[in-house]
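This report concerns only the one structure given below.
In my numbering, the protein residues as written are 44 to 697.
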């Protein structure tokens, strides 16, 4: 099929969504880089009209909200995060009319739009900074943080350790030092100056008046600096965010603020604001520490890295939500891990030094996982089922690769691969004019990995991802429900319940590459039949004995637990704690299996160790529905690849 011109029967426009203050909790977000997605005018650079032309594809995929990294006027020394004008579009991306057309078209298809807003700093080419350095006594003289020496704020860490030796840089024009938490060409704004606060609020209003649905607030922990502190998460920063939120709530209801705060969960929760009032700062915040721990858990074949960070995550206000992701436009950050864990991640995922950048790994999801379809599906299943709203990165739905020969973060920002034709269908320009070269290697090259090929294959990762998004949407427990981890007898298996009203979903994930059995105490649901989602298979009824499941290597199950009446959350929590006394000999018996050693449950025959029961192969993926938008989906979701056989144990009793 021609990707630019989807058939009318496949893509259907839907009206803009009605007022919905909790839309972001149910939403599936999709990060799309303007310069990387599609070039509409043949100049080799993606643009706003290019994204507009591809909205039908995104609607078909099931995306609810598009997140656009900076597209403002910029010298582009840091991918647009060095803003030189807060209220204009970079000319190569289009103009304000193009942006309004894009927002309207997205709304017409039922999708919302969130844009990146860089509050902390500007480009050194911004007129404010140029005025500040040339006229210290003028109206912009105090718009930035200046000092006569570089001795202040010595407790603040250097974020870009690869390129910056200090957070201070000497300006030869003003003959003073200016403060910057990121690159030296990105001076920090001085929020102690009320005029700066007003300028930022005015810029926020400007974009909201054009119809957008929210902002990702970049680098919010660093807005203020204070001597004797690490200059992060200061009370003044929270006061500024409360002011922004009050403005939003008063004049732009249903707008979402997403905080980018690469901090530990106990610090990030403060960016939600007042707990008792449901939150009065940001509606959402990224959960940075959970992402590297998913990668660690799979390599270690143990659930504990994920279980432990979620157990340490404080409760958040009722009106707020975590944002979770696997990859994005930056490096896979390793700031929120220990030094030992960082070394482990480098050894496992970035053996080549060219794969590393700053304190992280500059690779896409598929190459990180060696293009292993089972692992990619497991990671995506976790992304879609763990507490929070999932954020997909453009191209990951087709398994795009990266180019570590490109500088800095450009390795993961290459053109979207639409077709096997010239320039991957991204642009009609001469290949030499492309802003970055397309991926051309034998595994991830656009000739084999592209949307057109994926659309034509019902078993492709693209169709599978779309199907899983649809399943998530049909089960509100994923976006709105509580999270309760169950005690699994196998350390390689993570099991948890998501509950919202009458919707109760049991998720079981195997971090081991080998088939693994586990027992779950589900007695509070005795008599119910778990129904897995993709195939709609009805499993044996839950009995009084622990429920036995066997999962394929890197496999998973999503079950809906049908119930006649709602089970109180307290009862579900009791189910999560009921195996505490059962964690003795059984856990010890799986130590080798979690690592894939001699004690592996599969034993080479697919039989659970000591149980004599057949393992459950991966569930078959059905062909995609004929009507992508309105087609019904099964009630509950299953694991990864082939039709399941149901273990006999785990029914009414063993």
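Don't be surprised by glycine CBs; every beta carbon is placed ideally from N, CA and C.
For the alpha helix (DSSP H) containing residue 728, list its first residue and its last residue.
Because the chain in this structure spans residues 44 to 697, residue 728 falls outside the shown range and cannot be described.
Jot down the residue ranges of each uninterrupted alpha helix (DSSP H) in the region 327-365, minimum 4 residues, whole runs only, in chain order.
Listed in chain order, they are 333-343, 347-354.
With residue 66 as the anchor, note down where its alpha helix (DSSP H) starts and where it stops.
Numbered from 1 along the chain shown, position 23 holds the residue referred to as residue 66. It spans 66-69 - the alpha helix (DSSP H) in which residue 66 sits, taken as one unbroken run.
Whose C-beta lies closer than 6 Å to the C-beta of residue 422 among residues of the same chain, with five residues either side of it excluded?
Translated into the one-based positions of the chain shown, residue 422 becomes position 379. Once the five neighbours on either side are set aside, the close Cβ partners of residue 422 are 369.
For residue 62, count neighbouring C-beta atoms within 10 Å of its own C-beta (all shown protein chains included) and say buried if the count is 16 or more, exposed if not.
The residue you call residue 62 lines up with position 19 of the chain shown. Its Cβ having fewer than 16 others within 10 Å, residue 62 is exposed.
For the 8 Å Cβ check, are there 3 or more pairs between the region 135-147 and the region 204-219?
No, because fewer than three Cβ pairs between the region 135-147 and the region 204-219 fall closer than 8 Å, the two stretches do not touch.
Distance, Cα to Cα, residue 348 vs residue 468?
Here residue 348 corresponds to residue number 305 of the chain shown, with the count starting at 1. Here residue 468 corresponds to residue number 425 of the chain shown, with the count starting at 1. For residue 348 and residue 468, the distance between alpha carbons rounds to 40 Å.
How is residue 689 classed by DSSP in three states: helix, strand or coil?
By 1-based counting over the chain shown, the position of residue 689 is 646. In this predicted model, residue 689 has a pLDDT of only 36, less than 50, meaning its place in the structure is not dependable; the value taken from the coordinates is given anyway. Looking at residue 689 - three-state DSSP - the assignment turns out to be coil, as it is neither helix nor strand.
By DSSP, does residue 417 sit in helix, in strand, or in coil?
Locating residue 417 in the chain shown gives position 374, counting from the first residue. Correct three-state label for residue 417: helix.
Quick check on residue 553: does DSSP put it in helix, strand or coil?
Walking along the chain shown from the start, residue 553 turns up at place 510. If DSSP states are grouped into helix, strand and coil, residue 553 belongs with the strands.
Please return the same chain residues whose Cβ sits closer than 6 Å to the Cβ of residue 410, not counting the five positions on each side in sequence.
Residue 410 sits at position 367 when you count from the first residue of the chain shown. If we look at residue 410 and ignore the five residues flanking it on each side, its Cβ neighbours are 444, 445.
Using CA coordinates, which residue listed in 579, 526, 408, 261 is at the minimum distance from residue 354?
If you number the chain shown from 1, residue 354 lands on position 311. The candidate whose alpha carbon is nearest that of residue 354 is 526.
At the level of alpha carbons, what is the spacing between residue 592 and residue 230?
One-based indexing of the chain shown puts residue 592 at position 549. One-based indexing of the chain shown puts residue 230 at position 187. Their backbone Cα atoms lie some 55 Å apart in a straight line.
Applying the 10 Å Cβ sphere with the 16-neighbour rule, what's the burial state of residue 570?
Stepping through the chain shown from its first residue, residue 570 is reached at position 527. Label assigned to residue 570: exposed.
Let's see if you can read the secondary structure: which residues bound the alpha helix (DSSP H) around residue 144?
By 1-based counting over the chain shown, the position of residue 144 is 101. Counting along the chain, the alpha helix (DSSP H) containing residue 144 begins and ends at 139-151.
Skipping 5 residues on each side, what residues in its chain have a beta carbon closer than 7 Å to that of residue 471?
Your numbering for residue 471 matches position 428 in the chain shown. So the qualifying residues of the chain are 85.
Hey, how far is the Cα of residue 177 from the Cα of residue 520?
Your numbering for residue 177 matches position 134 in the chain shown. Your numbering for residue 520 matches position 477 in the chain shown. Going from the Cα of residue 177 to the Cα of residue 520 covers about 56 Å.
Can you tell which of 400, 170, 153, 243 has the C-alpha that lies nearest to the C-alpha of residue 161?
Here residue 161 refers to the residue found at position 118 when the chain shown is read from its first residue. With distances taken between Cα atoms, residue 161 lies closest to 243.
Under the rule that 16 or more other beta-carbon atoms within 10 Å means buried, what is residue 462, buried or exposed?
By one-based count along the chain shown, residue 462 stands at place 419. It counts as buried.
Would the region 249-265 and the region 297-317 be scored as touching if the rule is three or more Cβ pairs under 8 Å?
Yes, the region 249-265 is in contact with the region 297-317.
Can you look up residue 497 in the DSSP assignment and give me helix, strand or coil?
Here residue 497 refers to the residue found at position 454 of the chain shown. Of the three classes helix, strand and coil, the one that applies to residue 497 here is helix, per DSSP.
Should residue 535 and residue 551 be called a contact, given that it needs their Cβ atoms to be closer than 8 Å?
Against the chain shown, residue 535 aligns to sequence position 492. Against the chain shown, residue 551 aligns to sequence position 508. No, these two residues do not count as a Cβ contact at 8 Å.
Could you give the residue range of the beta strand (DSSP E) that holds residue 155?
Here residue 155 refers to the residue found at position 112 of the chain shown. Segment 155-161, the beta strand (DSSP E) holding residue 155.
I need the boundaries of the alpha helix (DSSP H) containing residue 176, first residue and last residue.
Looking up residue 176 in the chain shown gives position 133. Where residue 176 is concerned, the enclosing alpha helix (DSSP H) stretches over 170-177.
Could you tell me whether the Cβ atoms of residue 169 and residue 225 are closer together than 8 Å?
Translated into the one-based positions of the chain shown, residue 169 becomes position 126. Translated into the one-based positions of the chain shown, residue 225 becomes position 182. Cβ distance not < 8 Å, so residue 169 and residue 225 don't count as in contact.
Quick one: grab the DSSP three-state call for residue 63.
For the purposes of this step, residue 63 is identified with residue 20 of the chain shown, where counting begins at 1. If DSSP states are grouped into helix, strand and coil, residue 63 belongs with coil.
Return the chain-ordered list of same chain residues with a C-beta closer than 8 Å to the C-beta of residue 689, the five sequence neighbours on each side being excluded.
Position 646 of the chain shown, counting from 1, holds the residue named residue 689. In this prediction, residue 689 scores a pLDDT of 36, lower than 50, which makes its location untrustworthy; the coordinate-derived value is nonetheless stated afterwards. Hits under 8 Å: 580, 582, 583, 659.
Is it buried or exposed, residue 394, if we count other Cβ atoms within 10 angstroms and call 16 or more buried?
The sequence position of residue 394 within the chain shown is 351, counting from 1. So residue 394 counts as exposed.
State the start and end residues of the unbroken alpha helix (DSSP H) segment that holds residue 95.
Within the chain shown, numbered from 1, the residue matching residue 95 stands at position 52. From DSSP, the alpha helix (DSSP H) with residue 95 extends over 91-96.
For residue 339 versus residue 387, is the C-beta distance shorter than 8 Å?
For the purposes of this step, residue 339 is identified with residue 296 of the chain shown, where counting begins at 1. For the purposes of this step, residue 387 is identified with residue 344 of the chain shown, where counting begins at 1. In this structure, residue 387 lies closer than 8 Å to residue 339 by Cβ.
Do the region 319-336 and the region 481-500 touch if we need at least three Cβ pairs shorter than 8 Å?
The region 319-336 vs the region 481-500: no contact.
What's the C-alpha gap between residue 288 and residue 156?
Residue 288 sits at position 245 when you count from the first residue of the chain shown. Residue 156 sits at position 113 when you count from the first residue of the chain shown. The straight-line gap from Cα to Cα measures roughly 18 Å.
Taking 7 Å as the limit between beta carbons, can you name the residues of its chain near residue 239, skipping five residues before and five after?
Mapped onto the chain shown, residue 239 falls at position 196. Closer than 7 Å at Cβ, skipping near neighbours: 186, 232, 233.
Tell me whether residue 410 sits in a helix, a strand or coil according to DSSP, three-state version.
As a first step, residue 410 is located in the chain shown; it is residue number 367 there, counting from the start. Helix at residue 410.
How would you label residue 198, buried or exposed, when you count the other beta carbons within 10 angstroms and need 16 or more for buried?
Working through the chain shown from its first residue, we reach residue 198 at position 155. So residue 198 counts as exposed.
Cα separation between residue 266 and residue 455?
On the chain shown, position 223 is the one that residue 266 refers to. On the chain shown, position 412 is the one that residue 455 refers to. One C-alpha to the other measures close to 28 Å.
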